[in-house]
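*Asks:* Residue numbers (our numbering): 328 to 771. This is the structure I have questions about; it appears just below.
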Amino acid sequence: MVHFLYNQLLRVLLPLIILKLKRKAKKSPAYGARLDERKGNGVIDIPKGCVIFHLASLGETISATPLIKAFQQANPTTPVLLTSTTPTGSEQIQKTFGNRVYHCYLPYDLPIIQRRFICKLEPAMLVLMETELWPNLIFNVKRYGGQVVVINARMSDKSAKGYARLGPLTRTMLKQVDLVLAQFDADATRFMELGCDAASINVIGNLKFDTQFATSQQQAAKQLQQKLNIQRPVWLAASTHKGEEEQILAAHKTLLNSHPNALLVLVPRHPERFGSVSQLSQQSFITQVKSSLKGSLNLNTQVLIGDTLGEMMSYICLADMVFIGGSLVERGGHNPFEAACQHKVILTGTHTFNFAESFNILQQAQALLRVQNSQQLANQLNSLMANETLKATYAQNAYLCQQQCKGALNSTLDLLNQHYQNAIAQQSNLSVPCTQFSLKTIHE
Numbered sequence: 328m329v330h331f332l333y334n335q336l337l338r339v340l341l342p343l344i345i346l347k348l349k350r351k352a353k354k355s356p357a358y359g360a361r362l363d364e365r366k367g368n369g370v371i372d373i374p375k376g377c378v379i380f381h382l383a384s385l386g387e388t389i390s391a392t393p394l395i396k397a398f399q400q401a402n403p404t405t406p407v408l409l410t411s412t413t414p415t416g417s418e419q420i421q422k423t424f425g426n427r428v429y430h431c432y433l434p435y436d437l438p439i440i441q442r443r444f445i446c447k448l449e450p451a452m453l454v455l456m457e458t459e460l461w462p463n464l465i466f467n468v469k470r471y472g473g474q475v476v477v478i479n480a481r482m483s484d485k486s487a488k489g490y491a492r493l494g495p496l497t498r499t500m501l502k503q504v505d506l507v508l509a510q511f512d513a514d515a516t517r518f519m520e521l522g523c524d525a526a527s528i529n530v531i532g533n534l535k536f537d538t539q540f541a542t543s544q545q546q547a548a549k550q551l552q553q554k555l556n557i558q559r560p561v562w563l564a565a566s567t568h569k570g571e572e573e574q575i576l577a578a579h580k581t582l583l584n585s586h587p588n589a590l591l592v593l594v595p596r597h598p599e600r601f602g603s604v605s606q607l608s609q610q611s612f613i614t615q616v617k618s619s620l621k622g623s624l625n626l627n628t629q630v631l632i633g634d635t636l637g638e639m640m641s642y643i644c645l646a647d648m649v650f651i652g653g654s655l656v657e658r659g660g661h662n663p664f665e666a667a668c669q670h671k672v673i674l675t676g677t678h679t680f681n682f683a684e685s686f687n688i689l690q691q692a693q694a695l696l697r698v699q700n701s702q703q704l705a706n707q708l709n710s711l712m713a714n715e716t717l718k719a720t721y722a723q724n725a726y727l728c729q730q731q732c733k734g735a736l737n738s739t740l741d742l743l744n745q746h747y748q749n750a751i752a753q754q755s756n757l758s759v760p761c762t763q764f765s766l767k768t769i770h771e
């Protein structure tokens, strides 16, 4: 009954979802493109028995990239399909993998749409990340003999309460999952309480602990440093959200009283907000926008807006201190380990529920500083800029903590390869008739 209501609700909401996409497309045209893929009509011609990795957005794509590359190296003849739901994630996939993978948007989770999508592909294995759990997608992968694996699985208390409200649907869905690779014990417990079999759960840590500052990223960061030629204190506000930039800019205004040459690099989480955040900054500060820079940064610039995609590691490299966005407002925070692997001081707000265990580990290692508001943020930044020893200690603690926690990547790869072999054997023994649907080919 709950599954029926879920499907009916999605049918009712679908026109509104598409309308929202079209509205977003007015600011960011990429949201209006390739709608056929979202309706399940854009499946690329790909050999059956592929492995699907669903990477919802940019963050998941970056985190999963080393794992996917390692999986492809171990299984060079296996066709891999990467799906996403956002244009930024899609762009990152195409930029990183090119023609080494197949790619499309993940179709909406309606029964008929997912059935024709999976019927065409008959994947050997579906790999989901974190909390991207879609009932009809999972049911249809199992229907056609595939394995379902959730990697880097996390389940915050807030998410668990949401899934619990779906009751039987959540329990039935999680019973279909063959393997859950949970980040922490708390995540594993919540998955079990929601209905997942205990035998299918392994606790192996967070893939983001294995974040690396790759050689190509180091080269790009060095080029940016040379281009901008910044020789003054820099702090970064990374992946900020609506309602947060005002607090960050207020902190910077206070900081300038004691450190008048300090530079804030401000990088909003969502590209469609680059323009509005730039306008907000220009009301009170001398502001430049990264994409419009022709040469070095003006010496009197107080705020640099990072409005380019895929350059977060370079922006982090510019700074001494990194504030993790989504934490001064109730968005749950973002990945702190991109900063940790570069020996940076990490600051965060109090709203870190999406990465609670990760932030707690860093805090216990004296590797981050928490703030509740803009005044506290300004005070901490002022203290760090005035005390090189304090700054170096927090930066080193963050790096050492990240290094000590690494290992989830290799463990995930080993278990993924094992289950892929199981999937091949399982699928070869199953024959499910596939109704022929009309499926269009993607034309880029």
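Glycine residues also receive a C-beta, built at the ideal position from the N, C-alpha and C atoms. Everything numeric in this text was worked out from a predicted model, so none of it was measured.
Under 8 angstroms, Cβ to Cβ, is there at least one residue of chain B near residue 383?
*Replies:* Structure shown: chain B not included; a single protein chain is present.
*Asks:* Go to residue 504, then tell me how far its beta strand (DSSP E) extends in each direction, as first and last residue.
*Replies:* Residue numbering aside, residue 504 sits at position 177 when the sequence shown is read from its first letter. Element bounds for residue 504: n/a, residue is neither H nor E.
*Asks:* For residue 358, which residues of its own chain have a beta-carbon under 7 angstroms away from its beta-carbon, when the five flanking residues on both sides are left out?
*Replies:* Counted from its first residue, the sequence shown places residue 358 at position 31. Answer for residue 358: 348, 351, 352 and 414, listed in chain order.
*Asks:* Is the stretch 585-595 touching the stretch 667-686, taking contact as three or more C-beta pairs under 8 angstroms?
*Replies:* The stretch 585-595 vs the stretch 667-686: no contact.
*Asks:* Run through DSSP, which three-state label would residue 446 get?
*Replies:* Translated into positions along the sequence shown, residue 446 becomes position 119. Helix at residue 446.
*Asks:* Taking DSSP as the reference, what is the three-state secondary structure of residue 623?
*Replies:* For the purposes of this step, residue 623 is taken as residue 296 along the sequence shown, with counting starting at 1. Coil at residue 623, not helix or strand.
*Asks:* In whole angstroms, what separates the C-alpha of residue 554 from that of residue 356?
*Replies:* By one-based count along the sequence shown, residue 554 stands at place 227. By one-based count along the sequence shown, residue 356 stands at place 29. Rounded to whole angstroms, residue 554 to residue 356 spans 30 angstroms at the Cα level.
*Asks:* I'd like to confirm the pairing. Which residues does DSSP put opposite residue 615 in its beta bridges?
*Replies:* In the sequence shown, counting from the first residue as 1, residue 615 sits at position 288. In DSSP, residue 615 forms a bridge with 631.
*Asks:* Which of helix, strand or coil does DSSP assign to residue 779?
*Replies:* Look at the range of the chain in this structure, 328 to 771, and you will see that residue 779 is not part of it.
*Asks:* Rounded to the nearest angstrom, what separates residue 345 and residue 354 at their Cα positions?
*Replies:* Along the sequence shown, read from residue 1 onward, the residue named residue 345 stands at position 18. Along the sequence shown, read from residue 1 onward, the residue named residue 354 stands at position 27. Going by the C-alpha atoms only, they are around 15 angstroms apart.
*Asks:* Return yes when the Cβ of residue 428 is within less than 8 angstroms of the Cβ of residue 381, no when it is not.
*Replies:* As a working mapping, residue 381 is identified with position 54 in the sequence shown. As a working mapping, residue 428 is identified with position 101 in the sequence shown. Contact: no.
*Asks:* Which same chain residues end up closer than 7 angstroms to residue 658 when comparing Cβ atoms and leaving out the 5 residues on each side of it in sequence?
*Replies:* Against the sequence shown, residue 658 aligns to sequence position 331. 568 and 678.
*Asks:* By Cβ distance, which residues of its chain are closer than 8 angstroms to residue 498, with the 5 residues on each side in sequence left out?
*Replies:* Within the sequence shown, numbered from 1, the residue matching residue 498 stands at position 171. The residues are 521 and 522.
*Asks:* How big is the Cα-Cα spacing for residue 339 and residue 328?
*Replies:* Taking the first residue of the sequence shown as 1, we reach residue 339 at position 12. Taking the first residue of the sequence shown as 1, we reach residue 328 at position 1. Those two C-alpha atoms are separated by around 17 angstroms.
*Asks:* Within the same chain, show all residues whose beta-carbon is closer than 7 angstroms to that of residue 665, passing over the 5 residues directly before and after it, in chain order.
*Replies:* By one-based count along the sequence shown, residue 665 stands at place 338. These residues qualify, in order along the chain: 538, 639, 640 and 643.
*Asks:* What are the boundary residues of the beta strand (DSSP E) that includes residue 593?
*Replies:* For this step, residue 593 is matched to residue 266 along the sequence shown. Where residue 593 is concerned, the enclosing beta strand (DSSP E) stretches over 590-595.
*Asks:* Would residue 462 pass as a contact of residue 500 if the rule is Cβ separation under 8 angstroms?
*Replies:* As a working mapping, residue 462 is identified with position 135 in the sequence shown. As a working mapping, residue 500 is identified with position 173 in the sequence shown. Yes; because the gap between Cβ atoms is below 8 angstroms, this pair is in contact.
*Asks:* Mind checking who residue 725 pairs with in its DSSP beta bridge?
*Replies:* Walking along the sequence shown from the start, residue 725 turns up at place 398. Paired residues: none, contrary to the question.
*Asks:* Going straight from the alpha carbon of residue 527 to that of residue 557, what length do you get?
*Replies:* As a position in the sequence shown, residue 527 is number 200, starting the count at 1. As a position in the sequence shown, residue 557 is number 230, starting the count at 1. Taking the straight line from one Cα to the other gives about 51 angstroms.
*Asks:* Which value, in whole angstroms, describes the spacing of the CA atoms of residue 529 and residue 740?
*Replies:* Along the sequence shown, one-based indexing puts residue 529 at 202. Along the sequence shown, one-based indexing puts residue 740 at 413. Their Cα atoms are separated by approximately 13 angstroms.
*Asks:* For residue 631, which of 576, 364, 485 and 452 has the nearest alpha-carbon?
*Replies:* To locate residue 631, count along the sequence shown from 1; it is residue 304. Residue 631 has its Cα closest to that of 576, out of 576, 364, 485 and 452.
*Asks:* Expressed to the nearest angstrom, what Euclidean distance is found between the alpha-carbon atoms of residue 742 and residue 412?
*Replies:* Against the sequence shown, residue 742 aligns to sequence position 415. Against the sequence shown, residue 412 aligns to sequence position 85. Rounded to the nearest angstrom, the two C-alpha atoms are 26 angstroms apart.
*Asks:* Between residue 514 and the rest of its own chain, which residues show a CB-CB distance below 8 angstroms, the 5 nearest in sequence each way excluded?
*Replies:* Here residue 514 refers to the residue found at position 187 when the sequence shown is read from its first residue. Taken in chain order, the residues that qualify are 480, 481, 482, 530 and 684.
*Asks:* Determine the DSSP secondary structure at residue 680, reduced to helix, strand or coil.
*Replies:* Translated into positions along the sequence shown, residue 680 becomes position 353. It is helical.
*Asks:* At what residues does the beta strand (DSSP E) containing residue 452 begin and finish?
*Replies:* Reading the sequence shown from its first residue, position 125 is the one you call residue 452. First-last of the beta strand (DSSP E) with residue 452: 452-456.
*Asks:* Just confirm the distance between the C-beta atoms of residue 645 and residue 551, as a whole number of angstroms; I'd bet it's less than 8 angstroms.
*Replies:* In the sequence shown, the residue the question calls residue 645 occupies position 318. In the sequence shown, the residue the question calls residue 551 occupies position 224. Their Cβ separation, rounded to whole angstroms, is 7 angstroms, which keeps residue 645 and residue 551 in contact under 8 angstroms.
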